[in-house]
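Working notes, structure below.
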Amino acid sequence: MSVHVLRPRRRRREEGIALVVVLLFTAVVLTIVVSTTATLALGARGGGVNERAAYQALLAAESGLNTFEARVKALGKYPGNGTQSVVNQWWTDNPNLKDYGDAELEVTAKPGGKEITVTSTGRVLGGTKIAVQDYSLAVDKGFKFRPRSAVTSIPPIDATGSASVGGKANDGVVAKVRDSTINLAAGTTTVTLPLNSPIGTNTSISSDEMSGLLVGDYIKVSGVTFRIDSKSETSVTVTRVPAASATVLPLTGNVTLMLNAVASSYTTVADPMRIEASNFGDFVVGEKVTIGGKEAVVTKVGPNENEPEGEYIDIDWVGTQPTTLPEGTQILRDITALRSASTIQVPHNKTDAYAMDGDPDCTASGNGNNAVITCEAANDPLLNQNIAENETFFTNSIFGVSDSKLDEIVPLETDVSSDFQMNGEIRRIRAADLEIAIKNKTSSGILIVDGDVNWTGGGSSTFNGFIYFRGNQGGKLNGNLTVSGGIAVRGGPIEGINSGDDLETDLTGNLTVNYQATALRRYFINNGEKKIKPIQGTWRQQ
Numbered sequence: 001m002s003v004h005v006l007r008p009r010r011r012r013r014e015e016g017i018a019l020v021v022v023l024l025f026t027a028v029v030l031t032i033v034v035s036t037t038a039t040l041a042l043g044a045r046g047g048g049v050n051e052r053a054a055y056q057a058l059l060a061a062e063s064g065l066n067t068f069e070a071r072v073k074a075l076g077k078y079p080g081n082g083t084q085s086v087v088n089q090w091w092t093d094n095p096n097l098k099d100y101g102d103a104e105l106e107v108t109a110k111p112g113g114k115e116i117t118v119t120s121t122g123r124v125l126g127g128t129k130i131a132v133q134d135y136s137l138a139v140d141k142g143f144k145f146r147p148r149s150a151v152t153s154i155p156p157i158d159a160t161g162s163a164s165v166g167g168k169a170n171d172g173v174v175a176k177v178r179d180s181t182i183n184l185a186a187g188t189t190t191v192t193l194p195l196n197s198p199i200g201t202n203t204s205i206s207s208d209e210m211s212g213l214l215v216g217d218y219i220k221v222s223g224v225t226f227r228i229d230s231k232s233e234t235s236v237t238v239t240r241v242p243a244a245s246a247t248v249l250p251l252t253g254n255v256t257l258m259l260n261a262v263a264s265s266y267t268t269v270a271d272p273m274r275i276e277a278s279n280f281g282d283f284v285v286g287e288k289v290t291i292g293g294k295e296a297v298v299t300k301v302g303p304n305e306n307e308p309e310g311e312y313i314d315i316d317w318v319g320t321q322p323t324t325l326p327e328g329t330q331i332l333r334d335i336t337a338l339r340s341a342s343t344i345q346v347p348h349n350k351t352d353a354y355a356m357d358g359d360p361d362c363t364a365s366g367n368g369n370n371a372v373i374t375c376e377a378a379n380d381p382l383l384n385q386n387i388a389e390n391e392t393f394f395t396n397s398i399f400g401v402s403d404s405k406l407d408e409i410v411p412l413e414t415d416v417s418s419d420f421q422m423n424g425e426i427r428r429i430r431a432a433d434l435e436i437a438i439k440n441k442t443s444s445g446i447l448i449v450d451g452d453v454n455w456t457g458g459g460s461s462t463f464n465g466f467i468y469f470r471g472n473q474g475g476k477l478n479g480n481l482t483v484s485g486g487i488a489v490r491g492g493p494i495e496g497i498n499s500g501d502d503l504e505t506d507l508t509g510n511l512t513v514n515y516q517a518t519a520l521r522r523y524f525i526n527n528g529e530k531k532i533k534p535i536q537g538t539w540r541q542q
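Here it is, written out as structure tokens:
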């Protein structure tokens, strides 16, 4: 009998498998965690870079907007109020304004030309942001309207040639009343007058004409005086002065502007006297005026730093004075065809070629070439005032600012070419560029000419506005040139004029100057220090 011994089975070695699995699982989890963390970290880093680039792009776009005003003033020949096409052309002509650092700018003019939209696109490290701002375009402070002659000159005037100088001191028709059925009934003082152009058959007055009217101006319609209280593009709201009578008045026909008028009623008149005056800044101390048919001399123009309130002039009556001064009484300035701080020469047989409102400023006594010529505004003491001590007096008596201020307001243009064109704005050029700037063209605005002028241009040239020559007028205005407005000549150094140097304003050619007060005034009040101002609440991102 055999005996079997049962041996125990050998157990498999499985004791460490759980640990391996756990380790493997942990490794997988850690790998996933590390990979996810890395991915998130890389994503966050990439997002941060993108966000930083976008933020820097936005800062660049905002910098383009924030510096726009200053760069326009320093670099751009900004036209101020103008048509949409004028503003667009200005932007085209000034490429140096279109880039600033990492920003590219674009300007879109709104209809009317008084507002623009500036779009600034910033691009940094692949990031792009766009910031947009609307701006208003305006003349912050227009020039005073002070020229009192068709030709004003510090040097002597030689007008013995073929020139014709004259015009109208009070050519005030600016519009017509559109609706002739408007009546001003008894007791009514305020009405709205719809207006249309004084010329042609237009159904509305142009914005150019309306820009020559100011709130506070006085106008006449059908012989009735009104004060302008407000205005729109096509109408004015006015108050009758003095108060309305019981008469029903149909209002139709011409709207005539009074450039200056008494702005308050005075039942008693004193000598001397302070009176409120519309557009008081037009006056110059020492000038002669006529008020209510009586002459007076302006002794002070307010306000000033010591008396900041009020819009007034102080006057001394010459001879008799009116008994009363109703509001709206017109103040007439002493306007002449020629005015000089020195002598004026005109032909003895052509005194009527230098006349304002048909009344010659120069008279001849005696016969033929031996006649003695006397011109009303020769050796004008107002132009002679303080010349030796104050070289800016002449400019102040024309624009209300000094020559240095004009230089600040109006940059000198040195790149004048044949496509130079003026459309109502103020610009400054060199005398050598005068012919190319205006020859055989119809131009308008205020033109400042630096240097000696010798105009011999042929063809036909028309300038509507004012030309101010700032050099030794030793040459001649000896060409075909028609100026509807006025001319002023400063001449050379003040010392030279006082020491008798041979400087003259020679009007020897086919020069025609027609002084037109209301049209000229429009160019003055709509030019001056030009401002570009951001319109509040219009900043946005795109």
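Its first residue numbered 1, the sequence shown is counted upward by one per residue in full-length UniProt numbering. Beta carbons: idealized from backbone N, C-alpha and C, even for Gly. Quick caveat: nothing in here was measured; it's all calculated off a predicted structure.
Cβ-Cβ distances below 7 angstroms link Lys531 to Ala138 and Asp140 in the same chain, with the five nearest sequence neighbours on each side left out; the list follows chain order.
A direct Cα-Cα distance of roughly 19 angstroms separates Asn96 from Ile409. Inter-residue distance for Thr256 and Val191 is about 16 angstroms (C-alpha atoms, whole angstroms). Gly528 is bridged by DSSP to Gly142. Here Thr320 is not near Thr239, since their CB atoms are 9 angstroms or more apart. Annotated three-state conformation of Thr329 is coil, per DSSP. For Leu447, there is no enclosing alpha helix (DSSP H); the enclosing beta strand (DSSP E) covers residues Thr442 to Asp450.
Going by DSSP, Gln89 is part of no beta strand (DSSP E) but of the alpha helix (DSSP H) stretching over Gln84 to Thr92.
If the five residues before and after Thr363 are omitted, its C-beta is found closer than 7 angstroms to the C-beta atoms of Thr351 and Thr374, all from its own chain and listed in chain order. The beta carbon of Pro198 is closer than 6 angstroms to those of Val173, Ala175 and Lys176 in its chain, skipping five residues each way along the sequence.
Note on Asp99: under 16 other CB atoms within 10 angstroms of its CB, so exposed under the neighbour-count rule. Nearest to Lys220 by C-alpha distance, out of Ser211, Ser232 and Pro242, is Pro242.
Pro194: member of the beta strand (DSSP E) spanning Thr190 to Asn196, first to last residue.
Contact between the segment 276–285 and the segment 216–230 is present: three or more C-beta pairs spanning the two stretches fall below 8 angstroms. Ala371 and Ser365 have their alpha carbons spaced roughly 5 angstroms apart. A Cβ-Cβ separation of about 4 angstroms places Ile525 in contact with Gly142 under the 8 angstroms criterion. In this structure, Asn170 lies away from Leu251, with their beta-carbon atoms at least 9 angstroms apart. If you look at Glu435, you'll find it in the alpha helix (DSSP H) that goes Leu434 to Ile438. Pairwise C-beta distances place the segment 501–521 out of contact with the segment 110–120, as fewer than three of them are shorter than 8 angstroms. In this structure, Tyr523 is the residue among Tyr523, Asp433 and Val301 with its C-alpha nearest to the C-alpha of Gly485. Ranking Leu105, Ser85 and Ser417 by CA distance to the CA of Glu69 puts Leu105 first. With respect to the C-alpha of Glu115, the residue from Pro534, Ile448 and Trp539 having the closest C-alpha is Pro534.
Membership of Glu408 in the alpha helix (DSSP H) is indicated by the continuous run Asp403 to Ile409. In the displayed model, Glu51 falls within a helix according to three-state DSSP. Restricting attention to Arg470, Asn480 and Leu412, the CA atom closest to the CA of Ile438 is found in Asn480. When DSSP states are grouped into helix, strand and coil, Lys300 belongs to the strand group. Counting along the chain, Leu382 sits inside no beta strand (DSSP E); it lies in the alpha helix (DSSP H) bounded by residues Pro381 to Asn384. Around the Cβ of Gly122, a 10 Å sphere holds 16 or more other Cβ atoms; the residue is buried. Classified as buried, Arg490 has 16 or more neighbouring CB atoms from the shown chains inside 10 Å of its CB. CA-to-CA, the gap between Lys300 and Pro156 works out to about 28 angstroms. Secondary-structure assignment with DSSP links Asn423 through a beta bridge to Ser444.
Pairing Asn254 with Leu332 gives a Cβ-Cβ distance that is not under 9 angstroms. Counting only the Cα atoms, Ser149 lies some 13 angstroms from Phe399. In the three-state DSSP reduction, Leu251 falls in the coil class, being neither helix nor strand. Within 10 angstroms of the beta-carbon of Gly328 lie 16 or more other beta-carbons, which makes it buried. Ranked by how close their Cα comes to the Cα of Ile426, the residues Gly187, Gly528, Val124 and Gly302 have Gly528 in first place.
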